[in-house]
Amino acid sequence: MSDNEIIRCQDLHFSYPNGLEALKNINLTISRGEYVAFVGQNGSGKTTLVKHFNGLLKPTQGSVQVFGEETRGKKVSALARKVGYVFQNPDDMLFCSSVEEEVAYGPTMLGFEAAEVKEKVESILQELGLVAHKETHPFALSLGDRQRLAVACVLSLDPEVFAFDEPTTGQDYFGGESIMELVDQLHDKGKTILIITHDMPLVAEHAHRVVVINQGQIALDGTPKDVFSQTEYLRTLSLRSPQVTLLAQNLGLKDRTVLNIEEMVAWLEKEYLPAPKKVTGGIA
Amino acid sequence: MMNIDFASLSSPLQKLDGRTKLIALLGIFILALLFSQPYYVLGLLVLVLVIWWIGRLPWNLIKTILQFLLVIAIIILVVQIFFYPGKTNLVHISAPIKFIGFSGYITLEGLMFGIAMVLRLVVIMIVAPLMVMTTPLPEFMVALVKLKVPYRFAFIMTTALSLLPSIQNHAAIIQQAQLCRGITNFENKNLVTKLRAMAGLLVPLILGTFRDSQTLDVAMSSRAFGAPVKRTFLLESRLSAVDYIILVTTVLLLVAGIYLRIRGYGAL
Amino acid sequence: MTTPKPDLQPQPVDQPTKQRTWKARGRILSMPISVLAIWAALYIAASAIPALPVPGMGGMITLNAIMTAISGMILGPAAALANAAGGIVGMLLYPYGFSAGPLGFLTVTLGGLVAGLLFADRWLLAAILEVLVIGAWFVNPAARQTGMWLVPLPYSAIALIVILVKPIRVWIRKSILTLHKVYMWPAVFLMVCVGHSVEYLTTNDMVNWMYKLTWQYWVPTLPYWIGVDTVIILVSTAVGVGVLVGLRKARLPQFADTLEK
């Protein structure tokens, strides 16, 4: 395993205690600095898969290696320092009585000196725009701020990998944008990002790699352009490319994939409008 | 332990009305407390076991219950054998040790009383599963209401039960989330640390559940909860002939028991 | 078409209405039934989780001990009903936490009731109940034996003092209602003492009365019980403070909302 490959699954199989086989034959490698989105139907196994990366779940067969070491036999709390996991509902992660306390909790538990902890907390709060809320009780914050706080808590452990479970589900457009901006910032800093999501436009806009999970197996694995160009196949998996992509395809664009509005506008201006073709099919 | 599969258990006791079983349970409970003579309590235990057999309930459950009670049973027995102020001395153990109240002998009365108390414990602990395993919770609720327990109280119980699975699910997620924050308490073997971990889980669980269920109040109101009308239940429960027979028998046994006690029988 | 029943017809505005409003029907003792049901559900979930072993009581002390201890402060007197509901169902589903037989749920009911009454400032009722519970211990002839009088100590004694001594009562209520940063902790501690000691002593009353255990059992085991109680009370204090503060900050319903500050 090269130094750059930080997560590796080999012949991973996972079944729940009640016998339900959730993952079959997963072979996957993730390298440092990647920005990966895991998509798939409900129940396809995407969350199950990502939970293997920090030891919340251990394989029933096969192996999962994180930073060169097997996850079997390792405690979640130990792996949490390398692979951070931000839960969908931030309230599940919070339990202190002030923002400052929450962010300080992790480093304090890890044994950092009080002065170091204070410094860390300050810088993290600055980064995430929560300084104004330092003394506020977490439950008095808005949902968006609580999400930021949850990210701050994971950030305080300084992991290299950040996994986000449905970061935009249940949010409005601006809430979603805000959190994704944060995720992008983390990526720019060199963190490896894993996102579990249903939000296709999000994937198209932000992810560099898409892994499509279907019934416990990897169905597609490639760049967003590659994956979303396969509209028919995705439909059989009950998944849909972003609307923009579908619209472009129906307007006759065959050789490329449009991922977002900017690309769409550019294509329309340069190529389509000068020579419009007949529309085939709908967007549905 | 008590999450039983009612469908697989086909027991005559299931045909009885919930009220009958509740009253019979109460009757047996009172009888167990009335008598302290081991033979009487033994008779009661035999009765309970016969009912268990009629009910076709699993015998290994009795074994589990007995294992569960083993330590307290031994303690009760030991305390009574050595320290009950009995008159008939059986076995001489040592010189009297005044400061712990030991007379130096194991007395017959002590032995008998100890056995009676243990038997009483067993009867009380077996009678409850008899009821629980043969009555699905909805029937139990209806029985309570028919026995004049206020409907709103029964409603609290049924609603609580329906909220339970999602709370347990939530608790598991919170535990995972805390592990992901590097909290090691759950993985610790130390009891006190574990307790602290549990406590740390309770606060977000309680707050989170309150938050998630805020709409429950609105939902209830919008479905006319509390309207001043007579309620009809989906589950009809009527008393059959067998129910009446059992109810009458229970009352007769109780009367007989009280009479015997008044006349001085049944107690040491 | 049938005419609506008289009590469903709207009342004229200027006539004082004797019937309860729709809103009030959804509440018992000022707490919405939905909240009581939620508490009962949490209670049942807590009954499933063993926390401390109980030597000789054939079971474990489960997390619902914490729930009982804090219920009075959070729900007021209605805690009795919520605990009873949770206790009955919890007893049916997870019997290993309940050793006092089928009437065991009464212990947690009283625990919530006394603490709740105290919090609602119905201290006289609380005092009467506390005296009854302590009295029940001493009424039992076995209790006149050597050293048995020690068993209700120290927490029941603390509870009685807290209920009867007015300045302490007032201070506790004020500290909790204002979420005072420092005083809240000892105030919650004392309330938890009340809630837990009532439950604990009632359980002992029942067990002693049912199985006639003697001082040779109660007195030697007393150090262990006091230790267990102390742990539970300390942990419950932490949980209680967390929940009270959290509920207020998140503007979620709690009994304190219905009180004047």
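Residue numbers (numbering that gives the first Met the number 0), protein chains in the order written: chain W, 0 to 283; chain G, 0 to 267; chain C, 0 to 260. Glycine included, each C-beta is placed from N, C-alpha and C at the ideal position. All values reported here derive from a predicted model rather than from experimental measurement.
Nearest to Ala-151 (chain W) by CA position, among W:Leu-109, W:Val-85, W:Thr-70, is which residue?
By one-based count along the first sequence, residue 151 (chain W) stands at place 152. The shortest C-alpha separation from Ala-151 (chain W) is found at W:Val-85.
Between which two residues does the alpha helix (DSSP H) containing Cys-192 (chain C) stretch?
The sequence position of residue 192 (chain C) within the third sequence is 193, counting from 1. Where Cys-192 (chain C) is concerned, the enclosing alpha helix (DSSP H) stretches over 183-210.
Run the CB neighbour count on Phe-232 (chain G), radius 10 Å, all protein chains shown included, and call it buried at 16 or more, exposed below.
For this step, residue 232 (chain G) is matched to residue 233 along the second sequence. Exposed, by the Cβ-count rule.
Taking only beta carbons into account, state which residues of the region 200-223 of chain C come closer than 7 Å to chain G, listed in chain order.
Met-209, Tyr-210, Lys-211, Leu-212, Thr-213, Gln-215, Tyr-216
Spell out a yes or no on whether the region 41-52 of chain C and the region 209-216 of chain C are touching, meaning 3 or more CB-CB pairs, one atom from each, closer than 8 Å.
no
Is there at least one Cβ from chain C nearer than 8 Å to Gln-13 (chain G)'s Cβ?
Here residue 13 (chain G) corresponds to residue number 14 of the second sequence, with the count starting at 1. So, not an interface residue.
Using a Cβ-Cβ distance cut-off of 8 Å, determine whether Arg-80 (chain W) contacts chain G.
For the purposes of this step, residue 80 (chain W) is taken as the residue at position 81 of the first sequence. Closer than 8 Å: yes.
Pick out whichever of W:Tyr-34, W:Arg-71, W:Arg-147, W:Phe-37 has its Cα sitting closest to the Cα of Ile-178 (chain W).
To locate residue 178 (chain W), count along the first sequence from 1; it is residue 179. If we check each option's Cα against that of Ile-178 (chain W), W:Arg-147 comes out closest.
Just checking: is the beta-carbon of Phe-232 (chain G) within a distance shorter than 8 Å of some beta-carbon in chain C?
As a working mapping, residue 232 (chain G) is identified with position 233 in the second sequence. No - not a single Cβ of chain C is within 8 Å of the one on Phe-232 (chain G).
What is the residue span of the beta strand (DSSP E) that Gln-248 (chain W) lies within?
Start at 1 with the first residue of the first sequence, and residue 248 (chain W) comes out as number 249. First-last for Gln-248 (chain W): 242-249, but that is the alpha helix (DSSP H), not the beta strand (DSSP E).
How do the region 173-192 of chain W and the region 17-28 of chain W stand: do at least 3 beta-carbon pairs fall below 8 Å, yes or no?
no
What does DSSP give as the partner residues of Ser-10 (chain G) in its beta bridges?
Taking the second sequence and counting its residues from 1, the one referred to as residue 10 (chain G) is at position 11. The partner list for Ser-10 (chain G) (beta bridge, DSSP) is empty, contrary to what the question assumes.
Going by beta carbon distance, what residues of the same chain come within less than 7 Å of Tyr-39 (chain G), once the five residues before and after it are set aside?
Taking the first residue of the second sequence as 1, we reach residue 39 (chain G) at position 40. Gly-265, listed in sequence order.
Cross-chain neighbours of Ala-50 (chain C) in chain W, by beta carbon under 8 Å
Taking the first residue of the third sequence as position 1, residue 50 (chain C) is located at position 51. Here the premise fails: no neighbours, minimum Cβ distance about 18 Å.
Collapsed DSSP secondary structure at Ser-14 (chain W) in the structure displayed
The residue you call residue 14 (chain W) lines up with position 15 of the first sequence. In the structure shown, Ser-14 (chain W) sits in a strand (DSSP, three-state: E or B).
Tell me, which residues are paired with Gln-216 (chain W) by DSSP?
In the first sequence, the residue the question calls residue 216 (chain W) occupies position 217. In DSSP, Gln-216 (chain W) forms a bridge with W:Asn-213.
Would you give the residue range spanned by the alpha helix (DSSP H) that Leu-27 (chain W) belongs to?
If you number the first sequence from 1, residue 27 (chain W) lands on position 28. No alpha helix (DSSP H) holds Leu-27 (chain W); the beta strand (DSSP E) holding it covers 20-30.
Work out the CA separation of Thr-133 (chain G) and Pro-57 (chain G) for me, nearest whole Å.
By one-based count along the second sequence, residue 57 (chain G) stands at place 58. By one-based count along the second sequence, residue 133 (chain G) stands at place 134. Going by the C-alpha atoms only, they are around 12 Å apart.
Considering Cα atoms alone, identify which of W:Ala-79, W:Thr-70, W:Leu-19 is closest to Cys-8 (chain W).
Translated into positions along the first sequence, residue 8 (chain W) becomes position 9. Nearest of W:Ala-79, W:Thr-70, W:Leu-19 to Cys-8 (chain W), Cα basis: W:Thr-70.
Excluding the five sequence neighbours on either side, which residues of its own chain have a C-beta within less than 6 Å of the C-beta of Gly-175 (chain W), listed in chain order?
Within the first sequence, numbered from 1, the residue matching residue 175 (chain W) stands at position 176. Closer than 6 Å at the Cβ level, and outside the excluded window around Gly-175 (chain W), lie Thr-167.
Go ahead and label Ala-120 (chain C) buried or exposed: buried means 16 or more other beta carbons lie within 10 angstroms of its beta carbon, across all protein chains shown.
Here residue 120 (chain C) is taken as the residue at index 121 of the third sequence, counted from 1. Correcting the residue type first, residue 120 (chain C) is Asp in the shown sequence and not Ala. Exposed, because fewer than 16 other Cβ atoms sit within 10 Å of the Cβ of Asp-120 (chain C).
Quick check: the Cα distance between Ile-260 (chain W) and Ala-36 (chain W), rounded to an integer number of angstroms?
Taking the first sequence and counting its residues from 1, one reaches residue 260 (chain W) at position 261. Taking the first sequence and counting its residues from 1, one reaches residue 36 (chain W) at position 37. Cα to Cα, Ile-260 (chain W) sits roughly 20 Å from Ala-36 (chain W).
Using alpha carbons as the reference points, say which of W:Ala-21, W:Arg-31, W:Asn-88, W:Lys-224 lies closest to Pro-58 (chain W).
Against the first sequence, residue 58 (chain W) aligns to sequence position 59. The shortest Cα separation from Pro-58 (chain W) among W:Ala-21, W:Arg-31, W:Asn-88, W:Lys-224 belongs to W:Ala-21.
Does the CB of Val-88 (chain C) have a neighbour CB from chain W at under 8 Å?
Taking the first residue of the third sequence as position 1, residue 88 (chain C) is located at position 89. Proximity of Val-88 (chain C) to chain W, defined by a Cβ-Cβ separation below 8 Å, is not satisfied.
Is Tyr-243 (chain G) buried or exposed, if buried means 16 or more other CB atoms sit within 10 Å of its CB?
Walking along the second sequence from the start, residue 243 (chain G) turns up at place 244. Exposed, because fewer than 16 other Cβ atoms sit within 10 Å of the Cβ of Tyr-243 (chain G).
Closest to Ala-77 (chain C) by CA distance: which of C:Ala-249, C:Gly-226, C:Gly-115 is it?
Sequence index remark: in the third sequence, residue 77 (chain C) carries index 78 (1-based). It is C:Gly-115.
Would you tell me roughly how many angstroms separate the C-alpha atoms of Gln-214 (chain W) and Trp-38 (chain C), rounded to the nearest one?
By 1-based counting over the first sequence, the position of residue 214 (chain W) is 215. By 1-based counting over the third sequence, the position of residue 38 (chain C) is 39. Taking the straight line joining both Cα atoms gives about 38 Å.
By how many angstroms is the C-alpha of Leu-219 (chain W) removed from the C-alpha of Leu-92 (chain C)?
Counting from 1 along the third sequence, the entry for residue 92 (chain C) is found at position 93. Counting from 1 along the first sequence, the entry for residue 219 (chain W) is found at position 220. Approximately 46 Å, taken between the alpha carbons.
Exposure label - Asp-2 (chain W); buried when at least 16 CB within 10 Å
Counted from its first residue, the first sequence places residue 2 (chain W) at position 3. It is exposed - the Cβ of Asp-2 (chain W) has fewer than 16 other Cβ atoms within 10 Å.
Thr-20 (chain C) (DSSP reduced to helix, strand or coil):
Stepping through the third sequence from its first residue, residue 20 (chain C) is reached at position 21. Caution applies to Thr-20 (chain C), whose pLDDT of 48 falls short of 50 and renders its modelled position unreliable; the model cannot decide the point.
Chain-order list of residues whose beta-carbon lies under 7 Å from that of Phe-112 (chain G) (same chain, five-residue window excluded):
Sequence index remark: in the second sequence, residue 112 (chain G) carries index 113 (1-based). If we look at Phe-112 (chain G) and ignore the five residues flanking it on each side, its Cβ neighbours are Ser-35, Gln-79, Tyr-83, Leu-267.
Determine, using beta-carbon pairs with one atom in the region 195-212 of chain W and one in the region 115-129 of chain W, whether at least three such pairs fall under 8 Å.
no
Cα-Cα separation, Val-65 (chain W) to Leu-178 (chain G):
Residue numbering aside, residue 65 (chain W) sits at position 66 when the first sequence is read from its first letter. Residue numbering aside, residue 178 (chain G) sits at position 179 when the second sequence is read from its first letter. Computed Cα separation, rounded: 17 Å.
Measure the C-alpha to C-alpha separation of Gly-86 (chain C) and Leu-102 (chain C) and round it to an integer number of angstroms.
The residue you call residue 86 (chain C) lines up with position 87 of the third sequence. The residue you call residue 102 (chain C) lines up with position 103 of the third sequence. Answer to the nearest angstrom: the Cα atoms are 10 Å apart.
Tell me, which residues are paired with Ile-96 (chain G) by DSSP?
Taking the first residue of the second sequence as 1, we reach residue 96 (chain G) at position 97. G:Phe-101, per the DSSP bridge assignment.
Quick one: list the residues of chain W neighbouring Gly-181 (chain G), beta-carbon separation under 7 Å, in chain order.
Along the second sequence, read from residue 1 onward, the residue named residue 181 (chain G) stands at position 182. Ser-76, Ala-79, Arg-80, Gly-105, Met-108, Leu-109, Leu-156, listed in chain order.
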